[in-house]
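J.: In this text, residue positions in the sequence shown follow numbering that gives the first Met the number 0: the first is 0, and each later residue adds one.
Idealized CB from N, CA, C, for every residue including glycine.
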Amino acid sequence: MTDVRILGTGAYVPERIVSNDEVAAAAGVDDAWITAKTGIRERRWSADDEATSDLATAAARAALRSAGLSAADLSVIVVATSTPDRPQPPTAAYVQQRLGATGAAAFDVNAVCSGTVFALSAAEGVLSRTGGHALVIGADVYSRILNRADRRTVILFGDGAGAVVLGASAGRGARVRHVALHSFGELSGLIEVPAGGSRMPVDRTVLDAELQYFTMDGRGVRDFVGDHLPRLVKGFLHDCGVTPDAIDHFVPHQANGTMLDSVFADLDLPRATMHRTLTHYGNTGAASLPITLDAAARAGAFTPGDLILMAGFGGGMAAGFALVEW
Numbered sequence: 000m001t002d003v004r005i006l007g008t009g010a011y012v013p014e015r016i017v018s019n020d021e022v023a024a025a026a027g028v029d030d031a032w033i034t035a036k037t038g039i040r041e042r043r044w045s046a047d048d049e050a051t052s053d054l055a056t057a058a059a060r061a062a063l064r065s066a067g068l069s070a071a072d073l074s075v076i077v078v079a080t081s082t083p084d085r086p087q088p089p090t091a092a093y094v095q096q097r098l099g100a101t102g103a104a105a106f107d108v109n110a111v112c113s114g115t116v117f118a119l120s121a122a123e124g125v126l127s128r129t130g131g132h133a134l135v136i137g138a139d140v141y142s143r144i145l146n147r148a149d150r151r152t153v154i155l156f157g158d159g160a161g162a163v164v165l166g167a168s169a170g171r172g173a174r175v176r177h178v179a180l181h182s183f184g185e186l187s188g189l190i191e192v193p194a195g196g197s198r199m200p201v202d203r204t205v206l207d208a209e210l211q212y213f214t215m216d217g218r219g220v221r222d223f224v225g226d227h228l229p230r231l232v233k234g235f236l237h238d239c240g241v242t243p244d245a246i247d248h249f250v251p252h253q254a255n256g257t258m259l260d261s262v263f264a265d266l267d268l269p270r271a272t273m274h275r276t277l278t279h280y281g282n283t284g285a286a287s288l289p290i291t292l293d294a295a296a297r298a299g300a301f302t303p304g305d306l307i308l309m310a311g312f313g314g315g316m317a318a319g320f321a322l323v324e325w
């Protein structure tokens, strides 16, 4: 079987910088409280005329430039998002059209903050059978679904998109060695947008009750991450035949800075550098992992042969892991 490799990375964040002071006012907290609780100092929110597909397309173009490929080279486009432009068509269809990737199949994946790893797995499966090139994008615009008075959520989330170009190649690029996916549907109520789907369409009653907004049980999410992530990561590395001290880099979903510090300590990766972008971008959902991967790659943090552990986790609840050899 031909290896599937990461040939290029890219990212895009909106121009508008939203400070802690700005979100704190409506949420009844202050900058010091947000920084201490989350490690976040600012985030980016989309302009009124920017939707998820706009961010995704910009990140895609950056990744294609990095890979030295054009849209005509693509056979698959997968967009991981839980904030699509519309319930249908898939956001990936808009990205395909804007890129001019007429030969590519395009579809969305929704595994919330783990979405990019799920999308990576789907694209890897296609390429391992068909060859060609795939574009995997994580993109979210959470600013559209936040209750500005809810300090549990509004302080955390920003908007952005990150992308990787994959190729079925025996040559250049970072090899995707292993991927593992996990879902815990019994915990699906921890993170949700209650209304807007077929279960509860939006009407005046829903709007009056503010059920169209993103909600999160912060304590429940922390318990999920603390209880599950170390065990799942250690099991994943065992299945990969890799010891924890062989990992050079840890690229996690940028959920919350204090949470990441706690989790990283529990993972016992003695040689690994943990990469983070949440200080300036906040939690960008499915986009946070590829944004962080791109930032590290462009900073020259990776050298050939380095082992990178990518970890997505969040709503669903779900978790996804990828082991990449740079």
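1. Taking Cβ to Cβ, would you say G319 is nearer than 8 Å to S81?
2. Please state if the CB of V164 and the CB of L134 are separated by a distance shorter than 8 Å.
3. How far does the beta strand (DSSP E) with D139 in it reach, from first residue to last?
4. For a test of the three-state rule: what should DSSP assign to N282, helix, strand or coil?
5. By the DSSP assignment, the beta strand (DSSP E) with R176 in it spans what residues?
6. Taking the alpha-carbon positions, what's the G184 to G225 distance?
7. Cα separation between A148 and A92?
8. Which whole-angstrom value is the C-beta distance of V78 and P89, which I expect to be below 8 Å?
9. Can you give me the C-alpha to C-alpha distance between F235 and L155, rounded to a whole angstrom?
10. Is A91 helix, strand or coil when you go by DSSP?
11. Just confirm the distance between the C-beta atoms of L54 and D158, as a whole number of angstroms; I'd bet it's less than 8 Å.
12. The alpha helix (DSSP H) that contains M309, what's its start and end?
13. On a CA-only basis, which of P200, T302, F213 is nearest T272? Give me that one, please.
T.: By the coordinates alone:
1. The answer is no: Cβ separation not under 8 Å.
2. Judged by beta-carbon spacing, V164 lies within the 8 Å limit of L134, meaning their Cβ atoms are closer than that value.
3. Residues 132-140.
4. N282: strand per DSSP, three-state reduction.
5. 173-182 is the extent of the beta strand (DSSP E) around R176.
6. C-alpha separation (whole angstroms): 17 Å.
7. If I take the Cα positions, the gap works out to 34 Å.
8. That belief holds up - the Cβ atoms of V78 and P89 are roughly 7 Å apart, short of 8 Å.
9. In this structure, the straight-line span from the alpha carbon of F235 to that of L155 is close to 28 Å.
10. In the structure shown, the three-state DSSP call for A91 is helix.
11. That pair is a contact at about 7 Å.
12. Taken as a continuous stretch (DSSP letters only), M309 belongs to no alpha helix (DSSP H), being part of the beta strand (DSSP E) at 306-313.
13. Measuring from the Cα of T272, the nearest candidate turns out to be T302.
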